[in-house]
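Residue numbers (this note's numbering): 13 to 312.
Below is the structure:
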């Protein structure tokens with residue numbers, strides 16, 4: 013134990029009103045959801061910080077709610093990844109299901125929460141990139157003039173220029189809304205271990221509708237855990253302009269364009285991450301080429 017260690021102060025609000033009161037009194041607080049990421053970090057506990065303030069969100073009933081209709085599912089920030097699998101596996105986009113299953117065993121997914129996977133500090137999980145590819149929205153709660161306000165925002169709007177989820181000061185994600193996707197091309201791939209080897213790992217989420225030989229509303233996001241999410245509408249536009257199948261020269265040109273955006277966002281990704289990114293892009297293109305070539309003649 014560290015000499016002179018002082019235990020953190022734990023606050024346990026029962027509703028969002030109590031949460032607002034606590035965060036006003038203790039603006040520099042750490043929010044605790046499932047704790048799966050926090051407790052995996054070096055020196056997370058015991059803490060060297062004296063008199064640390066922690067707000068535990070697990071007792072706020074509003075954050076555990078789940079609801080769905082014909083168009084979308086809405087998850088409170090404290091809904092666990094395991095609960096998402098059990099309640100929506102048959103209706104939710106399979107790119108989301110594949111992402112959850114890639115994160116780890118039920119030991120992890122039973123504790124990890126949807127809000128927690130989005131709000132990690134100095135590290136980015138694969139989840140925000142997948143939510144961006146799905147055009148998901150989040151309800152952000154924030155304090156303004158000593159009152160708790162809320163606003164629904166596209167995930168891309170809370171992604172800062174460095175590729176990280178950034179909330180307003182004293183802000184939190186309270187709900188996430190995911191539409192039931194009818195896109196016939198959905199792809200998720202994670203290469204490497206985000207937890208064990210984050211400097212060399214990468215994940216990619218891709219969604220689109222393939223109509224004959226063109227893509228409608230494609231979205232692709234690359235995630236590098238120690239850097240952030242690389243997403244650009246310009247990359248989406250490039251995919252929209254393509255006609256499939258692509259030949260080798262077109263694939264190389266596409267890879268070059270993508271790396272221009274990636275390296276302009278993150279100049280120091282590792283060579284292994286570059287190689288893995290290239291491999292994922294080629295897998296996506298190969299899959300799209302195959303879908304195009306094997307489609308019934310009347311749809312081509």
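Backbone N, C-alpha and C fix where the C-beta goes; we use that ideal spot for every residue, glycine too.
Here the structure is a predicted model, which means the values were calculated and not measured.
Inset, instruction - Please list, in chain order, all residues of the same chain as residue 42 whose beta carbon is under 6 Å from its beta carbon, the five residues on each side excluded. - result: One-based indexing of the chain shown puts residue 42 at position 30. Hits under 6 Å: 66.
Legend entry - Per-residue DSSP class, three states only, for residue 169: For this step, residue 169 is matched to residue 157 along the chain shown. Annotated three-state conformation of residue 169 is helix, per DSSP.
Legend entry - For residue 149 and residue 256, the rounded distance between their alpha carbons: The residue given as residue 256 occupies position 244 in the chain shown. The residue given as residue 149 occupies position 137 in the chain shown. Taking the straight line joining both Cα atoms gives about 31 Å.
Legend entry - C-beta atoms of residue 193 and residue 206 nearer than 9 Å: The residue labelled residue 193 in the question sits at position 181 within the chain shown. The residue labelled residue 206 in the question sits at position 194 within the chain shown. Result no, Cβ atoms of residue 193 and residue 206 do not sit closer than 9 Å.
Inset, instruction - Please name the residue, chosen from 116, 140 and 230, that lies closest to residue 242 on a Cα-to-Cα basis. - result: The sequence position of residue 242 within the chain shown is 230, counting from 1. For the residues 116, 140 and 230, the minimum Cα distance to residue 242 belongs to 140.
Inset, instruction - Return yes when the Cβ of residue 143 is within less than 9 Å of the Cβ of residue 108, no when it is not. - result: Start at 1 with the first residue of the chain shown, and residue 108 comes out as number 96. Start at 1 with the first residue of the chain shown, and residue 143 comes out as number 131. Yes, these two residues count as a Cβ contact at 9 Å.
Inset, instruction - Output the boundary residues of the alpha helix (DSSP H) element that contains residue 140. - result: In the chain shown, counting from the first residue as 1, residue 140 sits at position 128. Start and end: 139–145.
Inset, instruction - Would you please state the rounded distance, in angstroms, between the beta carbons of residue 84 and residue 191? I believe it to be under 8 Å. - result: The residue labelled residue 84 in the question sits at position 72 within the chain shown. The residue labelled residue 191 in the question sits at position 179 within the chain shown. Yes, they are in contact, since the Cβ atoms of residue 84 and residue 191 sit about 5 Å apart, within 8 Å.
Legend entry - Cβ separation of residue 219 and residue 201, assumed to be a contact under 8 Å, to the nearest whole Å: Taking the chain shown and counting its residues from 1, one reaches residue 219 at position 207. Taking the chain shown and counting its residues from 1, one reaches residue 201 at position 189. Going by Cβ atoms, the distance from residue 219 to residue 201 rounds to 13 Å, so no, they are not a contact pair.
Inset, instruction - Confirm, please, whether the CB-CB distance from residue 162 to residue 45 is below 9 Å. - result: To locate residue 45, count along the chain shown from 1; it is residue 33. To locate residue 162, count along the chain shown from 1; it is residue 150. Not closer than 9 Å, so no.
Legend entry - With 16 other Cβ atoms within 10 Å as the buried cut-off, status of residue 187: Looking up residue 187 in the chain shown gives position 175. Counting other Cβ atoms within 10 Å of its Cβ, residue 187 reaches 16 or more and is therefore classed as buried.
Inset, instruction - With a floor of 4 residues, list each alpha helix (DSSP H) that falls wholly inside the segment 229–312, ordered by position along the chain. - result: As far as the segment 229–312 is concerned, its whole alpha helix (DSSP H) runs of at least 4 residues are 245–252, 260–277 and 283–306.
Inset, instruction - Count the CB pairs spanning the segment 266–276 and the segment 232–248 that are closer than 8 Å, and state whether there are at least three. - result: These segments touch.
Inset, instruction - Use the C-beta contact count for residue 103: other C-beta atoms within 10 angstroms, 16 or more gives buried, fewer gives exposed. - result: As a first step, residue 103 must be located in the chain shown, where it is residue number 91. Residue 103 should be labelled exposed.
Legend entry - Residues that DSSP places opposite residue 65 in a beta bridge: The sequence position of residue 65 within the chain shown is 53, counting from 1. Its beta-bridge partners are 21.
Inset, instruction - Tell me whether residue 32 sits in a helix, a strand or coil according to DSSP, three-state version. - result: Walking along the chain shown from the start, residue 32 turns up at place 20. Of the three classes helix, strand and coil, the one that applies to residue 32 here is helix, per DSSP.
Legend entry - Outcome for residue 174 when other beta-carbon atoms lying within 10 angstroms are tallied against a minimum of 16: The sequence position of residue 174 within the chain shown is 162, counting from 1. Classification of residue 174: exposed, given that the 10 Å Cβ count is below 16.
Inset, instruction - Answer with buried or exposed for residue 183, where buried requires no fewer than 16 other C-beta atoms within 10 angstroms of its C-beta. - result: Within the chain shown, residue 183 is the residue found at index 171, counting from 1. With 16 or more Cβ atoms within 10 Å of its Cβ, residue 183 is classed as buried.
Inset, instruction - Just grab the DSSP bridge partners of residue 222 for me. - result: Translated into the one-based positions of the chain shown, residue 222 becomes position 210. Partner(s): 227.
Legend entry - Alpha carbon of residue 295 to alpha carbon of residue 209, nearest angstrom: Locating residue 295 in the chain shown gives position 283, counting from the first residue. Locating residue 209 in the chain shown gives position 197, counting from the first residue. Each residue's Cα considered, the two are about 22 Å apart.
Legend entry - Helix, strand or coil at residue 14 [DSSP, three-state]: Numbered from its first residue, the chain shown carries residue 14 at position 2. Confidence at residue 14 is low in this model, with a pLDDT of 47, below 50, so its placement is unreliable and the value that follows should be read with caution. If DSSP states are grouped into helix, strand and coil, residue 14 belongs with coil.
Inset, instruction - State the CB to CB distance for the pair residue 68 and residue 121, rounded to an integer number of angstroms; the pair is presumed to be in contact (CB under 8 Å). - result: Taking the first residue of the chain shown as position 1, residue 68 is located at position 56. Taking the first residue of the chain shown as position 1, residue 121 is located at position 109. Not really, about 20 Å apart at Cβ, beyond 8 Å.
Legend entry - Identity of the residues DSSP links to residue 92 by a beta bridge: As a working mapping, residue 92 is identified with position 80 in the chain shown. DSSP lists 125 as partners of residue 92.
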